[in-house]
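In terms of numbering that gives the first Met the number 0, the sequence shown opens at residue 0 and continues consecutively.
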Amino acid sequence: MSVPHLSGRGYCLTKLDLYTGKTVFVTTLLASSGLVALLTVFTFLDQLGDIENEYTLLTAAKYVGYSIPRIFYETLPYATLLGCLSGLGILASSSELIVMRSAGVSTWEITSSAAKPAIVIVILGLIIGEILLPQFERNARIIKENAIEDDITPSYGFWHKENDTYVHLGRVTSSGVLKNISLFVEKNGELVRTIWAERATFDNSQTEWTMRNVKVTHIGERTLVEFQESMEWDIGLTPSRLNTEILVDPDRMSIIELLDKITYMKEQELNSARFEIGLWTKIFQPLASLALVLVGVSFIFGPLRETNMGTRLVSGIVFGIVFKFLQDMFAPASIVFGFYPIIGAITPVLGCILLGWYLLKKAG
């Protein structure tokens with residue numbers, strides 16, 4: 000395919016935007032499709048080892064199907080990198096980039112042309128990450144846990160704090176029934192009451208829980224124990240929030256859910272660092288994709304200028320793995336060393352931007 004006729008700079012740049020953008024857009028979609036297909040197969044193969052009882056091959060396939068939005072979202076930055084490398088690599092192999100540069104088109108203008116289709120795909124990923132991903136992740140986990148043992152609770156149960164009450168749930172079923180519930184109520188740092196209930200169900204009409212077979216122990220100078228057949232329990236922990244907290248990792252929650260959780264934990268004077276890391280990681284995900292596009296363009300004009308397509312793709316995969324490793328290292332480090340989570344989330348992204356800027360500047 001030939002480069003559009005370069006007469007009239009404004010018209011020329013518009014045509015080049017479309018031409019370069021279309022090439023990068025198509026190759027990015029192909030890269031994304033390839034990564035999603037590959038990791039979907041790996042996810043399915045990984046599930047084969049868990050097949051037993053009601054968790055059948057069909058159920059595993061449903062689980063994998065619900066996992067596709069997560070796979071797409073998590074691989075999107077690397078798809079933009081590979082798409083940029085392969086798209087611009089095609090143009091470089093046919094000497095079309097050389098013609099563009101000879102006609103006075105700068106590397107930054109070519110970078111802009113490559114970034115525009117990436118922005119479209121990143122926006123699509125943002126929509127999927129905010130709308131589809133949290134709900135699909137919940138559905139996937141519920142399908143699996145329901146088929147295996149109808150229990151979505153971690154092995155140590157689930158702990159929750161609200162005001163002066165500490166809550167421990169021994170078991171949470173996939174249908175939203177709570178079992179083996181323990182409440183510890185304190186006042187001025189002293190334990191004043193414990194409540195144990197065999198089970199609890201949520202009443203949507205009253206927006207509260209109803210506990211059954213309840214044992215209340217009043218602790219003071221004398222310990223008093225009373226038994227009740229049922230007791231109303233008003234707490235902000237709704238079934239939806241409970242499912243999200245148990246089934247969805249922080250980096251797979253929506254930004255709204257994360258903000259809600261962080262606000263709640265700060266009100267309860269709890270450590271919200273894990274959720275803040277998830278929040279900043281999600282916020283900087285689009286910027287990470289564009290930073291990798293910048294690196295991809297800089298590689299084409301820099302160290303990978305004279306290499307073949309295979310070398311470019313392998314280099315992109317290796318760089319993507321390194322970038323992922325740095326993300327996974329810096330984000331948890333903020334918890335260990337106590338610095339702000341935003342620093343851990345943005346450091347690898349800024350590193351990519353600086354590397355891409357340096358290589359492009361060096362290439363002229």
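Beta carbons: idealized from backbone N, C-alpha and C, even for Gly.
- [ ] Give the single residue among E220, T19, E53, T346 whose Cα lies nearest to the Cα of V98.
- [x] Comparing alpha carbon positions, the residue from E220, T19, E53, T346 closest to V98 is T19.
- [ ] Please go through the same chain and pick out, in chain order, the residues whose beta-carbon is closer than 6 Å to the beta-carbon of L80, but skip the five residues on each side of it.
- [x] Answer for L80: L291, G295, G315, G319, listed in chain order.
Open item on the list: Any heavy atom of the ligand COA inside 6 Å of the beta-carbon of Q284?
Closed with: By its list of ligands, the structure shown contains no ligand whatsoever, and the ligand COA lies outside what it can speak to.
- [ ] Compute the Euclidean distance between the alpha carbons of T216 and I234, then round it to the nearest angstrom.
- [x] In this structure, the CA atom of T216 is about 19 Å from the CA atom of I234.
Task: Simplified DSSP assignment, three categories, for Q46 - done: Note: Q46 maps to helix in three-state DSSP.
TODO: Pull up the DSSP beta-bridge partners for I180, would you.
DONE: Answer by DSSP bridge pairing, in chain order: L168, A196.
TODO: Could you say if the stretch 348–363 and the stretch 274–293 meet the contact criterion of at least three C-beta pairs nearer than 8 Å?
DONE: With a cut-off of 8 Å, the stretch 274–293 and the stretch 348–363 count as touching, because enough Cβ pairs lie within range.
Open item on the list: Quick test of the definition: if touching needs 3 or more C-beta pairs under 8 Å, does the stretch 245–254 touch the stretch 136–145?
Closed with: Yes, since at least three Cβ pairs between the stretch 245–254 and the stretch 136–145 fall closer than 8 Å, the two stretches touch.
Open item on the list: Let me confirm a value: E95 is counted as buried when at least 16 other C-beta atoms fall within 10 Å, else exposed. Which label applies?
Closed with: With 16 or more Cβ atoms within 10 Å of its Cβ, E95 is classed as buried.
- [ ] With DSSP as the reference, label D163 as helix, strand or coil.
- [x] Note: D163 maps to coil in three-state DSSP.
Task: For E256, the nearest candidate out of F24, V119, G128, L123 (CA to CA) - done: Of the listed residues, the one whose Cα sits closest to E256 is G128.
Task: Rounded straight-line distance, which links the Cα of I218 to that of F226 - done: One Cα belongs to F226, the other to I218, and the distance between them is close to 15 Å.
TODO: Starting from the C-beta of L236, find all residues in its chain whose C-beta is less than 6 Å away, skip the five residues before and the five after it, and write them out in chain order.
DONE: H159.
TODO: Please confirm whether P68 and F135 have their CB atoms less than 7 Å apart.
DONE: With respect to the 7 Å criterion, P68 and F135 are classified as neighbours on the basis of their beta carbons.
Task: Proximal residues to T280 (C-beta, below 7 Å), its chain only, five neighbours per side dropped - done: Correct list, in chain order: D250, A330, A344.
TODO: Kindly indicate which residue of D202, N212, T206, E207 has the alpha-carbon position closest to the one of I194.
DONE: Ranking D202, N212, T206, E207 by Cα distance to I194 puts N212 first.
- [ ] Starting from F336, follow the beta strand (DSSP E) in both directions and report where the run begins and ends.
- [x] From DSSP, F336 is part of no beta strand (DSSP E) but of the alpha helix (DSSP H) over 308–336.
Open item on the list: Once the 5 residues before and after T74 are set aside, which same chain residues still bring their CB inside 8 Å of it?
Closed with: For T74, where only same-chain residues beyond five positions count, the Cβ hits under 8 Å are S31, L34, V35, L38.
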